[in-house]
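Quick note on this note's numbering: the sequence shown kicks off at 78 and runs consecutively. The beta-carbon is built from N, C-alpha and C at its ideal position, and this holds for glycine as well. Source: prediction; values computed, not measured. Notes to accompany the following structure.
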Amino acid sequence: PDLVAISWADWDVTGYTGLEIWNYMSEFKGLMHNKLAAVYYAYFPARGIRGPFRATLRQWDELLSQGKRIAAIGGSDAHGTTYSLGPLRRVVFPYEYLFRCVNTHILTDRPLNGLLEHDKPLVYSALRAGHTWVGYDLPVPTTGFRFHARSGANYALMGDELVRTGAVIFEVQTPHSADIRLLLNGRVVARARGRHLRYTTAEPGVYRVEGYRNYHLGHRGWIFSSPIYVI
Numbered sequence: 078p079d080l081v082a083i084s085w086a087d088w089d090v091t092g093y094t095g096l097e098i099w100n101y102m103s104e105f106k107g108l109m110h111n112k113l114a115a116v117y118y119a120y121f122p123a124r125g126i127r128g129p130f131r132a133t134l135r136q137w138d139e140l141l142s143q144g145k146r147i148a149a150i151g152g153s154d155a156h157g158t159t160y161s162l163g164p165l166r167r168v169v170f171p172y173e174y175l176f177r178c179v180n181t182h183i184l185t186d187r188p189l190n191g192l193l194e195h196d197k198p199l200v201y202s203a204l205r206a207g208h209t210w211v212g213y214d215l216p217v218p219t220t221g222f223r224f225h226a227r228s229g230a231n232y233a234l235m236g237d238e239l240v241r242t243g244a245v246i247f248e249v250q251t252p253h254s255a256d257i258r259l260l261l262n263g264r265v266v267a268r269a270r271g272r273h274l275r276y277t278t279a280e281p282g283v284y285r286v287e288g289y290r291n292y293h294l295g296h297r298g299w300i301f302s303s304p305i306y307v308i
C-alpha cells in the first residue's frame, strides 16, 4: 500500500487470511530515488532495508481493529534480474542472497518430513491458523522465536484466540538479543531488551510482537509476529 506503482486500494475485499506486511523488493524499490541511489543500494542493499513500511503496519492494525483475523506474511520477492548501467552490471538480487532475507516462518502441528502429501496440509493449516511470523533472517536467523499467552488453563500461540479466565500472561522468546516490543491494538504496552519479555494484563484486544536489532549502523526490523486475539 506504500508504493504508488503497485498500490492496493480496495480494503473492502474479504475472504483472505493473511497480509504481506513486508516485501523486500518493494522496500528496495522505495529506495530508488535517483540513479546514484539505485547503484549504491544495488551493491549495499542491507544499508537501506529497515522493515515494513509504517503505513502498512498501520493499515494492518486498522484491519485487525475491525475484528478481522489476519496473519503476518513476508516475502523476499526474488527474481534474480540482471540490470546494467553503463559499464556496471549487477544481479538484483541473487536467489542465494534474497532467500536469506525476509521470510515467513510457520509453526506446524507436527514435524515436516519432506513428503508433499504429509507436509502440504501442515503448511496450509499453519498459514490458515496464523501460526506465523515474518523474520529478517539476514542479520541473524529468527528461527526459534516464540510468542504465546496463558490465562488460567487456556493457552494460545500467535494466530490463536485466548479466552480470559483472569490475568493474561504473555511470554516472548527470541533466539538472539533484541529490542522486543509487545503491542496492543497497534500501540506499545511492554518493551524489553534481551531475549525474553514477560507481561501480565487483564485487558482484551489484539496483541502482536515486533523485534528490532542493530545492523549495518541502523536499527532494523527483525521479527513481526501474527497476533494473539484476547477476548
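Listed in chain order, the alpha helix (DSSP H) runs fully inside the segment 172-198 are 172-175, counting runs of at least 4 residues.
In the DSSP assignment, E248 falls outside any alpha helix (DSSP H) and within the unbroken beta strand (DSSP E) covering 245-261. Linking G288 to H253 through their CA atoms gives a straight-line distance of about 10 Å. Straight through space, the alpha carbons of Y160 and K145 are spaced by roughly 41 Å.
Taking C-beta separations shorter than 6 Å and ignoring five residues to either side along the sequence, the partners of G271 in its chain run S254, following chain order. When the Cα atoms are used, N100 and Y174 turn out to be separated by approximately 15 Å. Scanning A149, L141, R127 for the CA closest to the CA of L96 turns up A149. Between the alpha carbons of A155 and P171 lies a gap of roughly 8 Å.
Two segments are said to touch when three or more pairs of C-beta atoms, one from each, lie closer than 8 Å; by this definition the segment 196-216 touches the segment 294-304. Look at T133 here: in three-state DSSP terms it is helix.
The beta carbon of T278 is closer than 6 Å to those of V245 in its chain, skipping five residues each way along the sequence. Separation of P216 and Y292 (C-alpha to C-alpha, rounded to the nearest whole angstrom) is 6 Å.
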